[in-house]
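Trainee: I have a structure here, written as structure tokens, and I will follow up with some questions on it.
Protein chains in written order, with this note's numbering: chain A, 17 to 401; chain B, -14 to 358.
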């Protein structure tokens, strides 16, 4: 973290004509006054501080982050701010990202594993507007990845930071509603209640029926909520070389996994932890080792399974992997044909299109020129700022 | 079809346009102005100011206009703006005893110094439509001679102060050293929460939620028997001491509603029996809010009086966490965000459990005839 942090903490507005923040960031009004004197070449909204939060708030959040990193899995209370996005829609992750992002970062935002789900688009736009953020969809190119509900399939690297949006940071909350009690349970490492719950699951259903937000034991000490990622992703947290930060805005808690931290999913010797598996590979890229979304394709029960990690799927298709339904998908306009290809309909391209719910929109989609959504997004980004 | 919530950016931009269109409604109807909302929908503005935690009638009116009258959305707008404002200090405590009274009623005394002042209230209106309002543009009524409000007494002591002078009312003492009140918008709350935190959380809490809780206290889910000691509505002046001046400067007047409930007494070997207090304060004219708050305030004091915290309204964690309607709305409404990754996990599990169950049953069925033979 330190390498990244020094990068960010320096003159944070090093880029071009951006004004450097005053030593003590007093107010947005001051910032506005300073910016209006500058040539307005910036895409960030001048009325607001860089990355929206004022510098005092960022400092407060960074302190909480440092404490969280020092005590892996421990929930650190922080003065969560009211954000211009709804509580419960990622304000914790947004505040963490806002506190660590700088002009040299490349930000990737995913929701359900995909870069183009509405809330991911909305949050990415927020940082494009307020932090002049360079964004990317490529997992390996990102320095910060903000996520809701997934960990990317591609292994994370040293130096990368994964920021989780957390709805309920307290893994014991469903067992004990009172914060005063759960804090004591953590202090005493009194986790028997959780083991009993898992045992009761096995007694009733033959196995643990928690499929997401599956509790983990961090560094042999704290039981931690991994956020509602599928348990499929739990093993990726273990000994990850990336820094993992968790922000719960509404609940006002931050916690963290420093790189190379032990993360063990709770289980029993005779009922070892296991992850989801599917009988068929991804219909688009043929992957057999990725988490799949189920897509209902007609009203007669037909389904296709596709990678939930959209970038992973695109990368594989670009590398020539072909799933069983790739041709159909391209023919019906589901996959963007590659403009350079003579036979564009079957050539896989790195970009997925979507937004269809019924026949009518399907027709529209088919007549939409390739890349329109993408260019609309660029226009939108510029207009919106 | 692949896939419902993807391809977001263009759709998001389009929805902003659709919202603007829906907000405007039929263009044949004149657009409503912020000033009209501020002046003619003042009670809604008061609610937005309370739940948005910002005393600014113009911004509250703007928020209501922008949110199409959705009060929680309007409060959200106000809060998201408020959080960006610099804090340059705290005002001097306002003195509600010196309020310029518009309305003041007490249920505990038939008459009292300053008298009962009914003021503007819907209490004794019959809830019959005034269809004349439907017409709008009513010809100006010749102004009725109003009972002169300057006839009001200059001194209107607060009822709990009257009781307090007799030693019958629980005293309201600042904590040791009179520290600056907690600011729950800047610091995370911990539990058990002190009274300044509780009052602050309720002041910005949802009126409907507090109303329901207050009602539950009255009906039996909480053992308090309150009397409205006093409700007063009016203007108080706000003073501020700038560091560089060192003396108080009057910033202006704000409208407040204050409610003090007198509850059944308590006492101990050391302290003679005293009535206990429930306190509510709100921006603007917001009696229902102030009354609900004062009921719940008293319920939340249970610990101070050695009462068991048996009921929801007595549990500070329950009340404080769930009274915040912006947080509550955010979390309830986040359920409409995509959850298909987690749902896929559930689908995978339930199908497998059912498959395994079927297999077991089939095995059992096979086993039965053999056993019969």
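All residues carry an ideal CB built from backbone N, CA and C; glycine is no exception.
1. Of all the residues that make up the segment 324 to 341 of chain B, which are near chain A by a beta-carbon distance shorter than 8 Å?
2. Does the CB of residue 333 of chain A have a neighbour CB from chain B at under 9 Å?
3. Under a Cβ-count criterion, where at least 16 other Cβ atoms within 10 Å of its own Cβ denotes burial, should residue 335 of chain B be classed as buried or exposed?
4. Less than 9 Å separating the beta-carbons of residue 285 of chain B and residue 309 of chain B?
5. Hey, could you find the ends of the alpha helix (DSSP H) residue 306 of chain B is sitting in?
6. Just checking: is the beta-carbon of residue 108 of chain A within a distance shorter than 9 Å of some beta-carbon in chain B?
7. Whose Cβ in chain A lies nearer than 9 Å to the Cβ of residue 12 of chain B?
8. How would you label residue 284 of chain A, buried or exposed, when you count the other beta carbons within 10 angstroms and need 16 or more for buried?
9. Along chain B, which residues have their Cβ under 9 Å away from the Cβ of residue 247 of chain A?
10. Kindly list the residues whose CB is nearer than 6 Å to the CB of residue 136 of chain A, restricted to its own chain and excluding five residues on each side of it in sequence; keep chain order.
11. Mapping the DSSP letters down to three states, classify residue 145 of chain B as helix, strand or coil.
12. Taking only the alpha-carbon atoms, compute the straight-line gap between residue 105 of chain A and residue 243 of chain A and give it to the nearest angstrom.
13. Return the residues of the segment 304 to 316 of chain B that lie within a Cβ-Cβ distance of less than 9 Å from chain A, sorted by chain order.
14. Would you kindly check if the distance between the Cβ of residue 259 of chain B and the Cβ of residue 250 of chain B is under 9 Å?
15. Determine, using beta carbons only, whether residue 65 of chain B comes closer than 9 Å to chain A.
16. Can you check whether the CB of residue 84 of chain B is closer than 9 Å to the CB of residue 220 of chain B?
17. Kindly indicate if chain A contains any beta-carbon less than 9 Å away from that of residue 295 of chain B.
18. Suppose the cutoff is 7 Å on Cβ atoms and the five residues either side in sequence are ignored; what does the same chain contact list for residue 51 of chain B look like?
19. Are three or more beta carbon pairs between the segment 291 to 308 of chain A and the segment 322 to 340 of chain A nearer than 8 Å?
20. Thinking residue 234 of chain A and residue 287 of chain A are a contact (beta carbons under 8 Å), I'd like their distance in whole angstroms, please.
21. Residue 153 of chain B versus chain A: which residues are under 7 Å apart at the beta carbon?
22. What are the boundary residues of the beta strand (DSSP E) that residue 222 of chain B is part of?
23. Can you tell me whether residue 232 of chain B is buried or exposed, with buried defined as 16 or more other CB within 10 angstroms of its CB?
24. Below 8 Å on the Cβ atoms is my guess for residue 269 of chain A versus residue 185 of chain A; work out the distance and round it to an integer in Å.
25. Would you mind sorting residue 119 of chain A into buried or exposed? The rule is 16 or more other CB atoms within 10 Å of its CB.
26. Anything in chain A within Cβ reach of residue 111 of chain B, meaning under 8 Å, just list it in chain order.
27. Assuming contact is defined by CB atoms lying nearer than 9 Å, are residue 57 of chain B and residue 36 of chain B in contact in what I supplied?
28. Can you give me the C-alpha to C-alpha distance between residue 119 of chain B and residue 188 of chain B, rounded to a whole angstrom?
29. DSSP state of residue 277 of chain B, grouped into three classes?
30. I want to see whether chain B comes within less than 9 Å of residue 292 of chain A, judged by CB atoms only; does it?
31. Under the three-state reduction of DSSP, which class applies to residue 171 of chain B: helix, strand or coil?
32. So, for residue 165 of chain B: in the same chain, excluding its five sequence neighbours on each side, which residues have a beta-carbon less than 8 Å away from its beta-carbon?
33. Cα-Cα, which of B/81, B/11, B/67, B/349 is closest to residue 222 of chain B?
34. Whole-angstrom Cβ separation of residue 263 of chain A and residue 182 of chain A, contact assumed at under 8 Å?
35. Would you check if the segment 151 to 158 of chain A and the segment 312 to 319 of chain B touch, i.e. whether three or more CB-CB distances between them fall below 8 Å?
36. Measure the alpha-carbon distance for residue 230 of chain A versus residue 160 of chain B and round it to whole angstroms.
Mentor: On the basis of the supplied data:
1. Listed in sequence order: 324, 325, 326, 327, 329, 330, 331, 332, 333, 334, 338, 341.
2. No, residue 333 of chain A lies away from the interface with chain B (no Cβ there is under 9 Å from its Cβ).
3. Per the 10 Å Cβ criterion, exposed.
4. Contact flag unset, no.
5. For residue 306 of chain B, the enclosing alpha helix (DSSP H) stretches over residues 301 to 308.
6. Put simply, the CB of residue 108 of chain A is far from chain B, with every gap to its CB atoms at 9 Å or more.
7. Listed along chain A, no residue sits closer than 9 Å to residue 12 of chain B by beta-carbon distance, the nearest being about 24 Å off.
8. By the neighbour-count criterion, in which a residue is buried when 16 or more other Cβ atoms sit within 10 angstroms of its Cβ, residue 284 of chain A is exposed.
9. For residue 247 of chain A, the residues of chain B that pass the 9 Å Cβ criterion are 330, in the order they occur in the chain.
10. Cβ neighbours of residue 136 of chain A beyond the five flanking positions: 125, 126, 127.
11. Residue state, collapsed to three classes: helix.
12. Straight-line Cα distance between these residues: approximately 13 Å.
13. For the segment 304 to 316 of chain B, the set of residues with a beta-carbon nearer than 9 Å to any beta-carbon of chain A comprises 306, 309, 311, 312, 313, 314, 315, 316, in chain order.
14. Against a cut-off of 9 Å, the Cβ pair of residue 259 of chain B and residue 250 of chain B comes out as a contact.
15. Yes, its Cβ sits closer than 9 Å to a Cβ of chain A.
16. With a cutoff of 9 Å on beta-carbon distance, residue 220 of chain B and residue 84 of chain B are scored as near each other.
17. By the rule that beta-carbons nearer than 9 Å mark a contact, residue 295 of chain B does not touch chain A.
18. Counting only Cβ-Cβ distances below 7 Å, and skipping sequence neighbours, we find 62.
19. Contact between the segment 291 to 308 of chain A and the segment 322 to 340 of chain A is established, with three or more Cβ pairs separated by less than 8 Å.
20. The C-beta distance from residue 234 of chain A to residue 287 of chain A rounds to 21 Å, too long to meet the 8 Å contact threshold.
21. What residue 153 of chain B touches in chain A: nothing, since even the nearest Cβ is about 34 Å away.
22. Segment 212 to 225, the beta strand (DSSP E) holding residue 222 of chain B.
23. Exposed: under 16 other Cβ atoms inside 10 Å.
24. Going by Cβ atoms, the distance from residue 269 of chain A to residue 185 of chain A rounds to 4 Å, so yes, they are a contact pair.
25. For residue 119 of chain A, the number of other beta carbons within 10 angstroms of its own is at least 16, and it is reported as buried.
26. None at all; the shortest Cβ gap to chain A is about 40 Å.
27. In this structure, residue 36 of chain B lies closer than 9 Å to residue 57 of chain B by Cβ.
28. Those two C-alpha atoms are separated by around 34 Å.
29. Shown here, residue 277 of chain B sits in a helix according to DSSP, grouped into three states.
30. So yes, residue 292 of chain A belongs to the interface.
31. Coil, per DSSP.
32. So the list reads 75, once near-sequence residues are dropped.
33. Selected option, being the one with the closest Cα: B/81.
34. That belief holds up - the Cβ atoms of residue 263 of chain A and residue 182 of chain A are roughly 6 Å apart, short of 8 Å.
35. Short answer: they don't touch.
36. Rounded to whole angstroms, residue 230 of chain A to residue 160 of chain B spans 44 Å at the Cα level.
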